[in-house]
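The working numbering runs 37 ahead of the 1-based position in the sequence shown.
No residue lacks a Cβ here, since even glycine has one placed at the ideal position from N, Cα and C.
First comes the structure, then the notes that go with it.
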Amino acid sequence: MHALLGFSTPAPLRDIVLLVARVGLGVVLLTHGLDKLESGFGPTADGFAAMGIPMPEVAAAYALVAEIGGGALLIAGLLTPLAGLLVVGQMAGAFWYAHRGTEVLSSAGGWELVGVIGFLALVLAGTGAGRISLDRLIVGRTEPASITS
């Protein structure tokens, strides 16, 4: 699209956009994870069991790791592709077990929120953290390594 319009996004702007997206998503995830933690592991697992999620204790543990751990990693820009994929996995499970066959809008019990979270996490897993990140400071790379044949 940028080529069609005759310009490209300057790298500093791209890095700021990635930072804002990472931090925003991380805050949402942390908020959800800490809410589950405050409610208690048992009630979270019980809620998952009531939704028909297999191995609800394992699913609850995964949700806490993905939301609290993944959220913190995204905010820091550390292991961003891995954190993004953890969140994508959790949102895929949330869609499948809690929202499959529902309307789109969250206000109607739909998959809107898990979809947006999952899609944004997928974008971050694919693009990397950007230059304003711990990934950049530690590894010196801002994008996931490419697969070459």
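Compute the beta-carbon to beta-carbon distance between residue i and residue j, rounded to the nearest angstrom, for a pair I have assumed lies under 8 Å.
{"i": "A103", "j": "G126", "result": "7 Å"}
{"i": "T164", "j": "L55", "result": "7 Å"}
Could you tell me if residue i is buried or exposed, where buried requires 16 or more neighbouring beta carbons within 10 angstroms of its beta carbon?
{"i": "F85", "result": "buried"}
{"i": "T46", "result": "exposed"}
{"i": "I175", "result": "exposed"}
{"i": "L42", "result": "exposed"}
Less than 7 Å between the beta carbons of residue i and residue j, yes or no?
{"i": "A166", "j": "G114", "result": "yes"}
{"i": "P118", "j": "A158", "result": "no"}
{"i": "L111", "j": "R59", "result": "yes"}
{"i": "M128", "j": "G155", "result": "yes"}
Going by CA-CA distance only, name the one from the options that's closest to residue i.
{"i": "D72", "options": "A97, I112 and L171", "result": "A97"}
{"i": "V153", "options": "I169, S170, A131 and T164", "result": "A131"}
{"i": "M88", "options": "H136, L111 and S144", "result": "H136"}
{"i": "G177", "options": "L116, Y134 and P93", "result": "L116"}
{"i": "I105", "options": "L62, V141 and A145", "result": "L62"}
{"i": "G77", "options": "E94, V64 and I90", "result": "E94"}
{"i": "V151", "options": "I53, H69 and E75", "result": "H69"}
{"i": "V160", "options": "V64, P49, V124 and P91", "result": "V124"}
Rounded to the nearest angstrom, what separates residue i and residue j at their Cα positions?
{"i": "S186", "j": "D172", "result": "Bear in mind that a pLDDT of 47 at S186, under 50, signals an unreliable position, so the number given afterwards is only what the model happens to contain. Each residue's Cα considered, the two are about 25 Å apart."}
{"i": "T81", "j": "G121", "result": "22 Å"}
Closest Cβ-Cβ distance between residue i and chain E: below 7 Å?
{"i": "T164", "result": "This model lacks chain E altogether, as it is built from one protein chain only."}
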